[in-house]
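Q:
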Amino acid sequence: MKIYTRTGDDGTTGLLGGRRVSKADARVAAYGDVDEANAAVGFARAAGLPAPVDALLARAQSTLFQVGAALATPPDRQSGTAPVSAADVAVLEAGIDALEADLPPLRSFILPGGAEGAARLHLARTVCRRAERAVVGLSSREPVDPLLVRYLNRLSDLLFVQARSTNRAAGVADVPWKGGPS
């Protein structure tokens with residue numbers, strides 16, 4: 063199979079099911095942002111994160127691929143099988159709860175950064191938030207399973223807590239935001 067087809071040279075792409083749309087279409091932007099979030103999670107994982115963090119992210123990457131496929135499928139072509147379940151969201155919540163139990167409570171906003179793995183997790187979090195915004199934008203135009211938005215929201219929360227946990231494991235303190243202009 064060739065990687066290039068030349069069919070997108072006119073600025074269009076094919077959705078799953080065959081319909082062609084502009085590469086600037088809200089649906090394409092949404093699944094593109096989810097794909098970018100998946101790549102950012104992979105980039106974070108390449109930093110050699112602690113095993114419990116990495117295991118949860120491996121599962122999340124697979125789920126993000128399913129979310130992207132669902133978004134690449136027009137509503138009239140979807141099979142009715144949801145790519146994400148409430149149980150998938152619950153797994154993320156359990157991961158958040160387990161990590162937060164070992165972290166000091168937040169008393170202010172913190173600046174993204176710290177150890178390399180944590181900085182990469184913060185980057186993945188911001189990309190995931192962008193994907194969430196794109197999916198919300200799409201849902202204002204076309205039907206979108208609300209669990210997709212909930213999953214992306216919870217995944218970005220998980221990435222934030224994982225970044226804090228990774229910093230703690232590396233002996234790096236959170237850097238509080240001092241607020242206001244300098």
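According to this note's numbering, numbering within the sequence shown proceeds without interruption in unit steps and concludes at 244. Positions of the beta carbon are idealized from the N, C-alpha and C atoms, including for glycine.
1. Ends of the beta strand (DSSP E) at Gly76?
2. Rank Thr228, Ala225, Leu221 by C-alpha distance to the C-alpha of Arg191 and give the top, closest one.
3. Under DSSP, the beta strand (DSSP E) around Arg82 begins and ends at which residues?
4. Between Val90 and Gly199, what straight-line distance do the alpha-carbon atoms span, to the nearest angstrom?
5. Whole angstroms is fine: what's the gap from Lys240's alpha carbon to Arg169's?
6. Contact defined as beta carbons within less than 8 Å: I believe Gly70 pairs with Tyr93. What is the distance between those atoms, to the nearest angstrom?
7. Taking contact to mean at least 3 C-beta pairs separated by less than 8 Å, is the region 172 to 184 in contact with the region 204 to 213?
8. Quick one: what does DSSP say Val206 is sitting in, helix, strand or coil?
9. May I ask you to report which of helix, strand or coil DSSP gives Leu173?
10. Among Ala101, Leu77, Glu194, Asp207, which has the Cα closest to the Cα of Leu119?
11. Only counting the same chain, and skipping five residues up and downstream in sequence, which positions put a Cβ closer than 8 Å to that of Ala122?
12. State yes or no: is the beta carbon of Gly241 nearer than 7 Å to at least one beta carbon in chain D?
13. Using the Cβ count rule (16 or more neighbours within 10 Å means buried), how would you classify Pro114?
14. Roughly how many angstroms separate the alpha carbons of Leu111 and Thr228, rounded to a whole number?
15. For Thr67, count neighbouring C-beta atoms within 10 Å of its own C-beta (all shown protein chains included) and say buried if the count is 16 or more, exposed if not.
16. Here's the rule: buried if 16 or more other CB atoms are within 10 angstroms of the residue's CB, otherwise exposed. What is Ala232?
A: Well, looking at it:
1. 74 to 76
2. The shortest C-alpha separation from Arg191 is found at Leu221.
3. 82 to 84
4. 12 Å
5. 11 Å
6. The beta-carbon separation of Gly70 and Tyr93, rounded to 14 Å, does not stay under the 8 Å limit for a contact.
7. no
8. coil
9. strand
10. Ala101
11. Closer than 8 Å at the Cβ level, and outside the excluded window around Ala122, lie Val103, Leu154, Leu217, Leu220.
12. Within the model displayed, chain D is absent; a lone protein chain is all it includes.
13. exposed
14. Roughly 7 Å between the two C-alpha positions.
15. With fewer than 16 other Cβ atoms inside 10 Å of its own Cβ, Thr67 counts as exposed.
16. Sixteen is the threshold: since fewer than 16 other Cβ atoms of the shown chains lie within 10 Å of the Cβ of Ala232, the residue is exposed.
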